[in-house]
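Visitor:
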Ligand code: FES
Ligand SMILES: [Fe+2]
């Protein structure tokens, strides 16, 4: 006997957390902060100023001056300090006021918030911690072998604002089915591993033959991807595109930082390995072309996020990925270190059985192709 459930499923959703995730967040490319000007960044519910001092160090401070609230990101870099546009108080990268040109002495309490930074592989990171602690030594961002190497291209980089809470992009780590329905690929292998502060997605997929290839560009036959989040916001994807003429090795970064509870800055960038079939110029052109296809992919996500509801109790079928386990992993970044529980950080591994989805999707592709052939004849 089958049981009939006639109760209507209700969507449950609490407001997005007012707290921001603990962890390293990438603010963008070092080269974009190195023009001698202060940069204004809306992040973590406030405004930051990013400036490169004469000594070459990039500093990140709270932008609002502790004197009378001036915006340091409208100020001027003077030596190693940022000068406030309001009364010229000079703030050092350590957060201390170094000089007040019109005053006999600097008040001993003249100290603002200095953010811990990391410059690595051409990227600038800041450490966010609501408890105000320094980053533990074991929470690092791995080096990216290809970055800065002559055998690879430079970063081709994208930045965009997304008006939703950043949990939506995290859900992508486990959401296999959406790759078929919105991203035009046909996943054939899909596995997740969560452990400590790292969440990984192993993905193999083919292209959907029923969809047109982008204007004049060959479509990859498929992709092999190992994508891992190191902490709450920074993903490194070792992504191989399989083309007729061979494999293209790429590294795709996908990272974000929160502006506030309901918006974030999404950034992503790609480098491509040069080879005999892919000399420097062509490798860069490939990085741009592949980057643009990634951009189209994120735009597909954004179109969904714009219209969807926040949902704390997704209703899942057996062929969906481990959304609840992923969200438990993600929760570790939103509680105090002392509140982190084993279920948030213990190793968890799950491989989806793709047999049924692959059958269904191949069938759908065949039907679409038949329909297209009929329409064309
Ligand atoms: S408000 Fe910044 S110097 Fe006065
Ligand atoms: Fe997506």
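Numbering (full-length UniProt numbering), first residue to last: 1 to 377. Cβ atoms here follow ideal geometry from the backbone N, Cα and C, with glycine treated the same way.
Let me check one thing: in DSSP terms, what residues is residue 367 bridge-paired to?
Guide: In the DSSP output, where bridge partners are listed per residue, residue 367 has none listed.
Visitor: Closest by CA to residue 51, which one among 3, 9, 115 and 20?
Guide: Checking every option, the nearest Cα to that of residue 51 belongs to 115.
Visitor: According to DSSP, what are the bridge partners of residue 72?
Guide: In the DSSP output, where bridge partners are listed per residue, residue 72 has none listed.
Visitor: Apart from the five residues just before and just after residue 315, which ones in its own chain have a Cβ nearer than 6 angstroms to its Cβ?
Guide: Answer for residue 315: 9, listed in chain order.
Visitor: Which runs of the beta strand (DSSP E) at least 3 residues long sit entirely within the stretch 208-233? Give them in chain order.
Guide: Correct list: 222-230.
Visitor: Would residue 267 be called buried (16 or more neighbouring beta carbons within 10 Å of its own) or exposed?
Guide: Flag for residue 267 reads buried.
Visitor: Quick one: give me the first and last residue of the alpha helix (DSSP H) that residue 328 is part of.
Guide: Note, residue 328: alpha helix (DSSP H), 323-331.
Visitor: Distance check for residue 363 and residue 187, CA to CA, integer angstroms please.
Guide: Each residue's Cα considered, the two are about 14 angstroms apart.
Visitor: For the alpha helix (DSSP H) that residue 40 lies in, which residues bound it at each end?
Guide: No alpha helix (DSSP H) holds residue 40; the beta strand (DSSP E) holding it covers 39-43.
Visitor: Whose C-beta lies closer than 7 angstroms to the C-beta of residue 256 among residues of the same chain, with five residues either side of it excluded?
Guide: Contacts found: 166, 169, 233, 264, 265, 266 and 267.
Visitor: How do the stretch 316-331 and the stretch 275-291 stand: do at least 3 beta-carbon pairs fall below 8 angstroms, yes or no?
Guide: No, because fewer than three Cβ pairs between the stretch 316-331 and the stretch 275-291 fall closer than 8 angstroms, the two stretches do not touch.
Visitor: What does the Cβ neighbour count give for residue 5, buried or exposed, with the cut at 16 atoms within 10 Å?
Guide: Residue 5 should be labelled exposed.
Visitor: Does any heavy atom of ligand 2 sit closer than 7 angstroms to the C-beta of residue 178?
Guide: Yes, since a heavy atom of ligand 2 falls inside the 7 angstroms radius drawn around the Cβ of residue 178.
Visitor: Nearest-angstrom Cα distance between residue 133 and residue 119?
Guide: One C-alpha to the other measures close to 19 angstroms.
Visitor: Give a single yes or no on whether residue 88 has its beta carbon closer than 7 angstroms to a heavy atom of ligand 1.
Guide: Yes.
Visitor: To which residues of the same chain is residue 193 closer than 6 angstroms at the C-beta, ignoring the five residues directly before and after it?
Guide: So the qualifying residues of the chain are 200 and 349.
Visitor: Give a single yes or no on whether residue 68 has its beta carbon closer than 7 angstroms to a heavy atom of ligand 1.
Guide: Flag set: Cβ of residue 68 near ligand 1.
Visitor: Can you give me the start and stop residues for the alpha helix (DSSP H) that residue 384 sits inside?
Guide: Since the displayed the chain opens at 1 and closes at 377, residue 384 lies outside it and no answer follows.
Visitor: Here's the rule I'm using: 16 or more other beta-carbon atoms within 10 Å means buried, otherwise exposed. How should residue 347 be labelled?
Guide: With fewer than 16 Cβ atoms within 10 Å of its Cβ, residue 347 is classed as exposed.
Visitor: Taking only heavy atoms of ligand 2 into account, decide whether any of them is closer than 7 angstroms to the Cβ of residue 183.
Guide: Correct: residue 183 has its Cβ closer than 7 angstroms to ligand 2.
Visitor: Could you give the C-beta distance for residue 30 and residue 40, rounded to a whole number, given that I count them as a contact under 8 angstroms?
Guide: In fact, because the Cβ distance is near 17 angstroms, the residues do not count as touching under 8 angstroms.
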